[in-house]
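**Q** For the record, in the sequence shown the residue sitting at position 56 is 56 according to our numbering, with numbers rising by one throughout.
Just so you know, even glycine gets a beta-carbon here, dropped at the ideal spot from N, CA and C.
The following block contains the structure, expressed as structure tokens.
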Amino acid sequence: MIVLVAVLHVRFALVVVFVAAAVVAVYVELLLLSKINVNVHVRTIIAVSFDAYNASKYTVKYIQKHSTRIGRRPRQVNTLYKQLIVLME
């Protein structure tokens, strides 16, 4: 249960980081390209936001995939511990 809560917090933090990175990228883009047409800015904002969304989506999927492995580790450790006790007896 503790591992699940930790994974959810990490997942949320990574999504926040990607969204913040997208906002910073858009802001820098607007500062650097302030002389170019507004349509270019709109396309850039949409592209950067979409990239950040995809990156956060794939990161969440990766964490979900590997969180099941994290959840299985205590059982494996318990099994190894029981085997060690049997060997020591």
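Could you tell me which of A13, V24 and F12 sits nearest to V48, measuring between CA atoms?
**A** V24
**Q** Short check: CB of A55 to CB of F18, under 8 Å?
**A** Going by C-beta atoms, A55 is nearer than 8 Å to F18.
**Q** So, for I46: in the same chain, excluding its five sequence neighbours on each side, which residues have a beta-carbon less than 6 Å away from its beta-carbon?
**A** none
**Q** Could you compute how far the alpha carbon of V16 sits from the alpha carbon of F50?
**A** 14 Å
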